Structures are given as C-alpha cells and as structure tokens.
Amino acid sequence: MAKKINRSKVILSDLVDKKTVERILKTFHKTFGFGCSCVDENKVIANIPFAKFCKMTRNSKLGCEFCENCDKAAWEKISKTRKPTIYKCHAGLIDIAIPIFVDNKYLGAIMGGQFLTENLKEQSILDLSEKLGIKEKEEYLLSAKKIKKIKLSEAKKAMKMLALVAETISETAYSKYELQKETDKKEFILSLVNVVENTVSKDKLYSSICKKIMKFFNADRIMIVEFYKNGLYNIMQELKVDKSIKSISEVLPIKMTEKIMSYWNDIIFNLNKEVTFNSVNSYDIPDFIRDAYNKIGLVSAMTTIFNRTETTATVVVMGKYDNNNAWTEDDVKGFNLCAKQVNIAINKIKLTEKANINALREKALLDNLPASAFLKDVNGKFLAVNDEFLACGLTREQILGHDDFELEPYEMASSYQAEDLEVIKTKKTFRNVRKVVRDGKEIWFESFKSPVFDEKGNVIAITGFNKDVTAQMMMDNLKNQFLSIISHELRTPLTSIAGSIDLILNGLVGDIDTSCAEMLKIAKKNTTKLTTLISNILELEGLEANTIKLNLSKQEVKPILLKAIKMTEKPTTAFDVKIVPKIELKDECAKVDSEKLLQLFSNLISNAYKFSNFGETIPISAKVKKKDIVVTIKNTGVQIPAGMEDSIFNRFKQIDEKSNPQNTSVGLGLAIAKLLADKMHGTIGYTSKNNVTTFTVTLPLVK
Numbered sequence: 015m016a017k018k019i020n021r022s023k024v025i026l027s028d029l030v031d032k033k034t035v036e037r038i039l040k041t042f043h044k045t046f047g048f049g050c051s052c053v054d055e056n057k058v059i060a061n062i063p064f065a066k067f068c069k070m071t072r073n074s075k076l077g078c079e080f081c082e083n084c085d086k087a088a089w090e091k092i093s094k095t096r097k098p099t100i101y102k103c104h105a106g107l108i109d110i111a112i113p114i115f116v117d118n119k120y121l122g123a124i125m126g127g128q129f130l131t132e133n134l135k136e137q138s139i140l141d142l143s144e145k146l147g148i149k150e151k152e153e154y155l156l157s158a159k160k161i162k163k164i165k166l167s168e169a170k171k172a173m174k175m176l177a178l179v180a181e182t183i184s185e186t187a188y189s190k191y192e193l194q195k196e197t198d199k200k201e202f203i204l205s206l207v208n209v210v211e212n213t214v215s216k217d218k219l220y221s222s223i224c225k226k227i228m229k230f231f232n233a234d235r236i237m238i239v240e241f242y243k244n245g246l247y248n249i250m251q252e253l254k255v256d257k258s259i260k261s262i263s264e265v266l267p268i269k270m271t272e273k274i275m276s277y278w279n280d281i282i283f284n285l286n287k288e289v290t291f292n293s294v295n296s297y298d299i300p301d302f303i304r305d306a307y308n309k310i311g312l313v314s315a316m317t318t319i320f321n322r323t324e325t326t327a328t329v330v331v332m333g334k335y336d337n338n339n340a341w342t343e344d345d346v347k348g349f350n351l352c353a354k355q356v357n358i359a360i361n362k363i364k365l366t367e368k369a370n371i372n373a374l375r376e377k378a379l380l381d382n383l384p385a386s387a388f389l390k391d392v393n394g395k396f397l398a399v400n401d402e403f404l405a406c407g408l409t410r411e412q413i414l415g416h417d418d419f420e421l422e423p424y425e426m427a428s429s430y431q432a433e434d435l436e437v438i439k440t441k442k443t444f445r446n447v448r449k450v451v452r453d454g455k456e457i458w459f460e461s462f463k464s465p466v467f468d469e470k471g472n473v474i475a476i477t478g479f480n481k482d483v484t485a486q487m488m489m490d491n492l493k494n495q496f497l498s499i500i501s502h503e504l505r506t507p508l509t510s511i512a513g514s515i516d517l518i519l520n521g522l523v524g525d526i527d528t529s530c531a532e533m534l535k536i537a538k539k540n541t542t543k544l545t546t547l548i549s550n551i552l553e554l555e556g557l558e559a560n561t562i563k564l565n566l567s568k569q570e571v572k573p574i575l576l577k578a579i580k581m582t583e584k585p586t587t588a589f590d591v592k593i594v595p596k597i598e599l600k601d602e603c604a605k606v607d608s609e610k611l612l613q614l615f616s617n618l619i620s621n622a623y624k625f626s627n628f629g630e631t632i633p634i635s636a637k638v639k640k641k642d643i644v645v646t647i648k649n650t651g652v653q654i655p656a657g658m659e660d661s662i663f664n665r666f667k668q669i670d671e672k673s674n675p676q677n678t679s680v681g682l683g684l685a686i687a688k689l690l691a692d693k694m695h696g697t698i699g700y701t702s703k704n705n706v707t708t709f710t711v712t713l714p715l716v717k
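Its first residue numbered 15, the sequence shown is counted upward by one per residue in the working numbering.
Okay, here's the thing in structure tokens:
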C-alpha cells in the first residue's frame, strides 16, 4: 500500500524512493566525478561520498559548523531565488546547489561539487588546518591536492546536468504526490458514498460525515446547521478536537449570536451559490462577524451549503484555531466537492427504492472522477458518461444508448469490445495504455474498466475511466533516453577498466601481492556486474525501439532448455538448491531466435535460484499442451505480493528487498524476458501462492 502523504506538511523524503535517488546520483557521480547529495529540510535522503578533504574538514567541530553554515546559506539562497547557484565554500572549494520543487513548493535540493577551478595555496590550507584544529596537516594538504580541478565552463555544464537530475527527481516526486492526492481524494469520496449507502438515520449520517470531513481537512471544529427561510435555525451536529475550543454561543451574548445567524440566513437564501471563505480576516464580511470570530480565536474557516430547498438549507461550517498549515485552494475545491456528496446523502435518505440508491452512487462516482468516465451495459450500450467524457466532441444524446461500433471506427470499436468481454469473462478490472492520434498529435491514455455486480455476483454493467497520461509517458521516455545515453558513455571506459585489471592480474605489469590481487578480483567482479547491467539496459532499449532484430526460425525447444539448465547449474553449490527437470518434449519445434530463447530461459532459472530457500528444489517442466509448448519454472521461497501482475515485468521492478536481502539484481531480467517472449509470439506469466512462485512460458507449436 502506498504511503499516505501528510496533508499538513509535505516532505520530499516521503515522495521519493531512496534507492532510485541513489542510482540517479551515482550515474551523475560516475560521469563527472563530483560528490553530491539529495536533501530536504530535515535530513539527507541520499548521499554520494564527498572528497576526503571535505570529510576531514567536517570531522572537526569548527569545520563542521562552517560547512553547515555554507549549506544553510546556499539552501536559503536557492529557496528565495528559486534558481540553481554556483558558490565558493569557506574552504575555497566550488559547490553547486539546485532547488527541487514539487507542486511549486520548495521541498529539497541537490547539493554537490567540491571541485576547484585553480589550485589552492599550500599556506592557505595549512592555515585552515591550524584554524580548524586538524592535527594531520600533511594528510590534509595531500587531500587538498587530490581535489578535482576543472574549468568554469565545465562546471556550468555539470550544473546543467545536475539541474536535469533535480528535475528528474522533482518529476518523480510530483507524480507520486499528485497520484497519492488523487487516490486520497477518491478514497475519501468513496468513503462518503459508503456512508450514504449504509446510513438511514439523518443524525447518524451527519455525525459520520462530520468525523470524516474533520479528519480529512485537519479541522479543529465543524458543525452542521439547518437554516429555515422563516429566520430560525437548528444546529444539527457539532464536533471539536478540544474541549477548550469555545463556540460563538458560549462566548457572545445571545442577541449577538442571533444577529450573526440572521446574517448568514440572509446570505444563504439570497445568493444562488455556495458560500466559501478561508481566511476570517481577509474575507469581505461585516466587522461584527469578523470581531466575533476573532474573539473565540477562529483564524480561518470554510462554509458551504450542503443542501438547499425552497424553505430550508443545510450548511456546514469548518474552522481552525491556529495559523499553521492553512487550507489551500485545493482544499476549498475538495470541501465543495464534499458538499455535493452530502447533498446526495441528504436526498438519499428520502429515497426508498434501492434502484434509486444505486443510481445515485453511480452518478456520484462518475461525476467526481478526475477523468473521462462511463457506464455501459453488458451489451456495450452506454448508460451514463460524465462531463469529461464529452471532450470527445459528442453530446450525451449522441452517446447514450449507442455502442462503440456506432461511435468509433471499426478497428478501434473491436478492441474496445474485446476489453469489455474480458472484463465480463474474468470479472476483474482491465487496465490498458493506448496511443491515439487527434488533430495530428499523439495522445496516450490509461484506461481502466471494472465490472458492476448484482446481488448474486453476476456482471450487469461495466464502468470505466480514461486518463490522459501523455505528459507522464513523455517524461518516462526522457528518463529512458537519459539512462541509455549514460549507459552508452560508460560502456567504453568500463571495457578499458576491465582490460587493465586483467593485465595487472596476469602479471603483465609486474608482480603484485596477494591482498592487492584480491582487491583487484573484487573490482573485476563489480566491473563485470556493471557491464552486464549496462548491456541489459541497452538491450532493453533496443528491444523496445525495435533496433534489435530477432532471427526467428524453426527450432527444437528441448535442447535450448537443457542448455539453459546446464548453464545455470554451476551456482547450485552456493545456494544448495537443486534443479529437478521433467522434460516431456521430443523434437517439438517453435519459431524462435535460439539465442534469445536461451537468454529467456536462463533469466527465469537464475531468478528461481535467487529467490529459492536454502536446500529447496527448482522443478522445471516442459510439455505440449494443445497447440502450444508450455515451459514452467517453479521455486519455493519469496512470494510475489498480490497486485503486482501488471508491474512485475516492468523495468527496475523488484519485490521488497526485505523479503530477500541476498537479491542484488536491479530488476531488468523479467522485463527483458517479457519483451523476448512477445517478440517470439509467445507469452509469459506467473502464479504466486503460499510462497510458491511458478513462471510459465508458452510458445506456439510449429509443425
């Protein structure tokens, strides 16, 4: 479950994944060689080690104080200017600070640098070490000489790249922030709808609604007042977070309270709109009302009409008694949205037929979704659409009662019908991301379709919504391009590093001692791991962009599977895990690329090793089933959590590392396996239950 965002104070560390940020910073560090960190107001989120000179400086009490003052000054400067800055620290090093904004709020920064544009004077360094009380003066001087030196023009290039890093982190955080905000809002609206459905007493309804609204908007006080056109009123419900909070009637004389209520009565029945205000002192209201609210310590409030008829009006008043965490414009809109729901609730109590109750629920859900939404019957006829849906250019009269074949081109209508039938058949929500072209522009939509059931569990309708995700897709493509460019740039130097290590290990540059050899072997192992990672990234990019072509031909599947098993059996001793094959194939063939199919099988078997418990077995089976060759690879160990069906094959997607701390992969193997299976006209899927996970590869049988 996604972490709830604190509505009163948004913190950057709540919106970003630490490991993702570390990967981004490491990519920058490997490119430019600078130390850098991502920080918010309270802590360091991710950090790439600083230069030794800076570490020694910060290890002294006075030096740490000076460094923190520099960081604080840079933090405050970019918070005011809202622009990146290059500045010189107290020790003479050049630093860079880039602000990170989420929803136009300054939440954090990328701090990096620790480089020079010219050498520091030795005497200045020695004087600084004396001032800071650093005893290891020669070591301090030597560390200063090792500080990276670049031209100012290169520093500006680095700042531009670091700004791109900050923008990437900002976009990632903003996506999560907006998604969670919308999710919270939807859950809140649905909870109100649930209250509507299950409450038949007006008193209980008001009590439940007050508690929910009060909690969601962090209010200190809330009350529902029933106003009558004859001038009378009745407080139906009132809640406070603290008994010390006083109502107007408890502080002011009765006549003054009556005067205030009379004023609101006139406003409510004479204005044909909602009455909403946020700040008590800025809203254009009479002085006697402002003074009354100030007298009880009310600093901000929101008032809106829940329900109005010719003779009565139900009004809610929500207040705060402190100046911290004021309500936003989004809160005001949400509050009025609640009014619509409560309006539905009040009218619902008057209804007796269950069909009318269901109609209200469907209307509330459709009208308040921040996307184009619809309701269809099982024959594909549209029953209802919201205002957002009308952006397609048709009117409700043109849509309702018609199906997709009457409204869309045949090919598109056929795909929509296939999705509807899938929802009806499986009784599960269907998700799809598709591209359409409108007015010559490519637009990406994310679609969800869900079944609507009757009391017996039969599907009686389909509801769904479409959301424009073009901006998100463009950002994802930009990030992928950035990653691909960095990978290309790293491949050549990594190959050079690996070759140099081999030369040293083979004694071609002289003898080395045992400890040095061991360290070089570790370096060679990690270099190989990084090279493999880069190769996987580039292969993934090539497969997605269709620049890597598969050589498909008729091939026997059995020898390819056996070769994959043999290739991956070597690590068995390390895990004490044994493969148990049950191959029921003979010479059956599929149209595949033999090397890519070998890679697919190897990825799945390697995955099974990583996630198997000590001493377990890995059953592998292969057989013909109808017109397909079906290969299954099973492991007992870590279970894939429910809800990951649509994302487990995404790049960099991993199961929670706490479930398997020995897993050091970055989550590319399954993404590559899925693409390879698709390009060979096969499928790949999985089941995971009771800590047993089975991956299934299906390939069309070729005679």
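Where a beta carbon is used, it is the ideal one built from N, C-alpha and C, also for glycine. Small disclaimer: the values here were computed from a predicted structure and weren't measured.
**Message:** For the stretch 41–49 against the stretch 71–83, do three or more pairs of beta-carbon atoms, one drawn from each stretch, fall closer than 8 Å, so that the two count as touching?
**Reply:** no
**Prompt:** CB-CB under 8 Å to lysine 145, same chain, minus the five flanking residues each way: which ones, in chain order?
**Reply:** Along the sequence shown, read from residue 1 onward, the residue named residue 145 stands at position 131. Closer than 8 Å at the Cβ level, and outside the excluded window around lysine 145, lie Leu76.
**Message:** Please identify the residue among Val466, Ala306 and Arg235 whose C-alpha is closest to the C-alpha of lysine 269.
**Reply:** Stepping through the sequence shown from its first residue, residue 269 is reached at position 255. The residue with the shortest Cα to Cα distance from lysine 269 is Ala306.
**Item:** Those residues which DSSP pairs with arginine 445 across a bridge
**Value:** Along the sequence shown, one-based indexing puts residue 445 at 431. Paired residues: Phe462.
**Asked** Looking at the unbroken beta strand (DSSP E) that takes in threonine 697, where does it start and where does it end?
**Response** Taking the first residue of the sequence shown as position 1, residue 697 is located at position 683. Element bounds for threonine 697: 697–703.
**Cutoff 8 Å; reference threonine 326; Cβ partners in own chain excluding five residues on either side** = Counted from its first residue, the sequence shown places residue 326 at position 312. Answer for threonine 326: Glu240, Phe241, Tyr242 and Lys243, listed in chain order.
**Request:** Return the first residue and the last residue of the beta strand (DSSP E) that asparagine 248 is part of.
**Result:** Taking the sequence shown and counting its residues from 1, one reaches residue 248 at position 234. Note, asparagine 248: beta strand (DSSP E), 247–254.
**Message:** Since alanine 88 and alanine 65 should fall inside the 8 Å C-beta cutoff, what is the C-beta to C-beta distance between them, to a whole number of angstroms?
**Reply:** To locate residue 88, count along the sequence shown from 1; it is residue 74. To locate residue 65, count along the sequence shown from 1; it is residue 51. At roughly 17 Å, the Cβ-Cβ gap does not stay under 8 Å, so alanine 88 and alanine 65 are not in contact.
**Prompt:** Name the DSSP bridge partner or partners of tyrosine 120?
**Reply:** Residue numbering aside, residue 120 sits at position 106 when the sequence shown is read from its first letter. Its beta-bridge partners are Phe115.
**Asked** Where does the unbroken beta strand (DSSP E) through leucine 715 begin, and where does it stop?
**Response** For this step, residue 715 is matched to residue 701 along the sequence shown. Here the beta strand (DSSP E) through leucine 715 covers 706–716.
**Request:** Let me know the secondary structure DSSP gives alanine 475 once reduced to three states.
**Result:** Here residue 475 corresponds to residue number 461 of the sequence shown, with the count starting at 1. In this structure, alanine 475 counts as strand in the three-state DSSP scheme.
**Asked** Cβ atoms of threonine 631 and isoleucine 579: under 9 Å apart, would you say?
**Response** Position 565 of the sequence shown holds residue 579. Position 617 of the sequence shown holds residue 631. For isoleucine 579 and threonine 631, no; Cβs fall outside 9 Å.
**Cα-Cα separation between valine 644 and alanine 187, rounded to whole angstroms** = Against the sequence shown, residue 644 aligns to sequence position 630. Against the sequence shown, residue 187 aligns to sequence position 173. Roughly 41 Å separates the two Cα atoms.
**Request:** Ignore the nearest five residues each way along the sequence and tell me which others in alanine 233's own chain have a CB closer than 6 Å to its CB.
**Result:** Working through the sequence shown from its first residue, we reach residue 233 at position 219. If we look at alanine 233 and ignore the five residues flanking it on each side, its Cβ neighbours are Met332.
**Request:** Look at valine 24 and leucine 121 and say whether their C-beta atoms are less than 9 Å apart.
**Result:** Your numbering for residue 24 matches position 10 in the sequence shown. Your numbering for residue 121 matches position 107 in the sequence shown. Going by C-beta atoms, valine 24 is nearer than 9 Å to leucine 121.
**Request:** Could you tell me whether the Cβ atoms of aspartate 418 and isoleucine 457 are closer together than 9 Å?
**Result:** As a position in the sequence shown, residue 418 is number 404, starting the count at 1. As a position in the sequence shown, residue 457 is number 443, starting the count at 1. In this structure, isoleucine 457 does not lie closer than 9 Å to aspartate 418 by Cβ.
**Message:** For the alpha helix (DSSP H) containing leucine 76, name the first residue and the last one.
**Reply:** Along the sequence shown, one-based indexing puts residue 76 at 62. First-last of the alpha helix (DSSP H) with leucine 76: 75–95.
**Item:** Whether isoleucine 634 touches isoleucine 619 by CB criterion (9 Å)
**Value:** Mapped onto the sequence shown, residue 634 falls at position 620. Mapped onto the sequence shown, residue 619 falls at position 605. Cβ atoms of isoleucine 634 and isoleucine 619: closer than 9 Å.
**Prompt:** Would the beta-carbon of lysine 658 fall within 9 Å of that of leucine 564?
**Reply:** Working through the sequence shown from its first residue, we reach residue 658 at position 644. Working through the sequence shown from its first residue, we reach residue 564 at position 550. Per the sequence shown, residue 658 should be read as methionine rather than lysine. The answer is no: Cβ separation not under 9 Å.
**Message:** I need the straight-line Cα distance from alanine 432 to glutamate 192, nearest angstrom please.
**Reply:** By 1-based counting over the sequence shown, the position of residue 432 is 418. By 1-based counting over the sequence shown, the position of residue 192 is 178. Alanine 432 and glutamate 192: Cα-Cα distance of roughly 31 Å.
**Request:** Give the straight-line distance between the Cα atoms of serine 8 and isoleucine 647, rounded to the nearest whole angstrom.
**Result:** Lying outside 15 to 717, the shown extent of the chain, residue 8 is not represented and no answer is given.
**Asked** Which residues share a DSSP beta bridge with serine 167?
**Response** The count along the sequence shown starts at 1 and reaches residue 167 at position 153. Answer is none; serine 167 lacks a bridge partner.
**Prompt:** Buried or exposed: which applies to alanine 622, given that a residue is buried once 16 or more other Cβ atoms fall within 10 Å of its Cβ?
**Reply:** Locating residue 622 in the sequence shown gives position 608, counting from the first residue. Buried, by the Cβ-count rule.
**Request:** Quick one: using the 10 Å Cβ neighbour count with 16 as the cut-off for buried, is asparagine 704 buried or exposed?
**Result:** Numbered from its first residue, the sequence shown carries residue 704 at position 690. Under this definition asparagine 704 is an exposed residue.
**Prompt:** Cα-Cα, which of Thr650, Ile274, Gly106 and Thr197 is closest to phenylalanine 80?
**Reply:** Along the sequence shown, read from residue 1 onward, the residue named residue 80 stands at position 66. It is Gly106.
**Item:** Alpha-carbon spacing of lysine 368 relative to glutamate 469, whole angstroms
**Value:** Reading the sequence shown from its first residue, position 354 is the one you call residue 368. Reading the sequence shown from its first residue, position 455 is the one you call residue 469. Bear in mind that the predicted position of lysine 368 carries a pLDDT of just 46, short of 50, making it unreliable; the figure below should be weighed with that in mind. Approximately 12 Å between the Cα atoms of the pair.
**Request:** Measure the beta-carbon distance from phenylalanine 283 to methionine 316 and round it to whole angstroms, keeping in mind my assumption that it falls under 8 Å.
**Result:** Position 269 of the sequence shown, counted from the first residue, corresponds to residue 283. Position 302 of the sequence shown, counted from the first residue, corresponds to residue 316. Between methionine 316 and phenylalanine 283 the Cβ distance is about 20 Å, and since that is not below 8 Å, they are no contact.
**Message:** Helix, strand or coil, according to DSSP, for proline 98 in the structure here?
**Reply:** Your numbering for residue 98 matches position 84 in the sequence shown. If DSSP states are grouped into helix, strand and coil, proline 98 belongs with coil.
**Request:** Check glutamine 431 in the structure and name its three-state DSSP category.
**Result:** As a first step, residue 431 is located in the sequence shown; it is residue number 417 there, counting from the start. It is helical.
**Identified DSSP bridge partners for glutamine 569** = In the sequence shown, the residue the question calls residue 569 occupies position 555. Partner(s): Ala604.
**Request:** For the alpha helix (DSSP H) holding glutamate 153, just list the boundary residues, first then last.
**Result:** Position 139 of the sequence shown, counted from the first residue, corresponds to residue 153. Looking at the DSSP string, the run of the alpha helix (DSSP H) that includes glutamate 153 is 151–159.
**Message:** According to DSSP, is serine 261 part of a helix, a strand, or is it coil?
**Reply:** Position 247 of the sequence shown, counted from the start, is the residue given in the question as residue 261. Three-state DSSP puts serine 261 in coil, outside helix and strand.
**Where the beta strand (DSSP E) containing asparagine 627 begins and where it ends** = On the sequence shown, position 613 is the one that residue 627 refers to. Neither: asparagine 627 is in no beta strand (DSSP E) and is coded neither H nor E.
**Asked** Unbroken alpha helix (DSSP H) runs of length 4 or more, entirely within the stretch 24–77: which are they?
**Response** 32–46 and 66–73
**Item:** Host alpha helix (DSSP H) of tyrosine 277 (start-end)
**Value:** Within the sequence shown, numbered from 1, the residue matching residue 277 stands at position 263. Start and end: 268–284.
**Item:** Selection from Ser702, Glu185, Leu611 and Val571 that minimises the alpha carbon distance to valine 796
**Value:** Any property of residue 796 remains undetermined from this structure, which presents the chain solely from 15 to 717.
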